[in-house]
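FYI, the numbering for the sequence shown is -29 to -1, 1 to 81, going by mature numbering (1 follows the signal peptide of the UniProt record, and there is no 0). By construction, the Cβ of each residue, glycine as well, lies at the ideal position given by its N, Cα and C atoms. Keep in mind it's a predicted model, so treat the numbers as computed, not measured. Each remark here refers to the structure printed beneath this line.
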Amino acid sequence: MSVIRSKARSLAIAALVLPSALVAFSASASGDGQWKGGEHVYQKVCGHCHDTNGDIGPVLAGRGLPPAYITAIVRQGFRAMPAFPASFIDDASLQQVGEYIQQLPAPAKE
C-alpha cells in the first residue's frame, strides 16, 4: 500500500474514532473537572493517536517537546489533530500532560 494511501486511511480512522473518544473520555475526568494527572490523560486520550507505532499521529515519546509547545498544539489544533478546548481539558491538567510527554523516553527500536 502506498504511503499516501496508508496515511489517508489512518486519518480516516482517526476522524471516525476521535469524536467518540472525546465523548467517552470526557467522562474520565474526576468530579471536579480535573483529570487524574498527565499520564492518565495521555493514556486515555493522547495515546490513541500518538502511540509508539506512529500509525495515526506522530510519536511524541523521546522528543523532549516542551510543555508550552504541547499546550499550543492541543489548544489550537494542527493538521489532522483537532483543538481541545478548556472545557475538555483544563490548563493545569494540560500542563501536566505536557510535562509527562516531555519526560517520556524514546520508544525501543524494533
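Span separating the alpha-carbon of G33 from that of Q74
Translated into the one-based positions of the sequence shown, residue 33 becomes position 62. Translated into the one-based positions of the sequence shown, residue 74 becomes position 103. Taking the straight line from one Cα to the other gives about 7 Å.
Using the Cα positions of A51 and I27, report the straight-line distance between them to the nearest angstrom.
Position 80 of the sequence shown, counting from 1, holds the residue named residue 51. Position 56 of the sequence shown, counting from 1, holds the residue named residue 27. Between A51 and I27, the C-alpha separation is close to 9 Å.
Going by DSSP, what residue range makes up the alpha helix (DSSP H) through P38?
Counting from 1 along the sequence shown, the entry for residue 38 is found at position 67. Start and end: 38 to 47.
Skipping 5 residues on each side, what residues in its chain have a beta carbon closer than 6 Å to that of L31?
Along the sequence shown, one-based indexing puts residue 31 at 60. Excluding positions up to five away in sequence, the list reads H21, I72.
Would a C-beta distance cut-off of 7 Å place V45 and G9 closer than the cut-off?
Residue numbering aside, residue 45 sits at position 74 when the sequence shown is read from its first letter. Residue numbering aside, residue 9 sits at position 38 when the sequence shown is read from its first letter. No, the Cβ-Cβ distance between V45 and G9 is not below 7 Å.
Would F55 be called buried (16 or more neighbouring beta carbons within 10 Å of its own) or exposed?
Working through the sequence shown from its first residue, we reach residue 55 at position 84. Label assigned to F55: buried.
What residue from F49, T42, L36, G35 has the CA that sits closest to D61's CA?
Counting from 1 along the sequence shown, the entry for residue 61 is found at position 90. If we check each option's Cα against that of D61, T42 comes out closest.
Beta-carbon gap between Q66 and P38 smaller than 7 Å
Reading the sequence shown from its first residue, position 95 is the one you call residue 66. Reading the sequence shown from its first residue, position 67 is the one you call residue 38. Taking 7 Å as the Cβ cut-off, Q66 and P38 qualify as a contacting pair.
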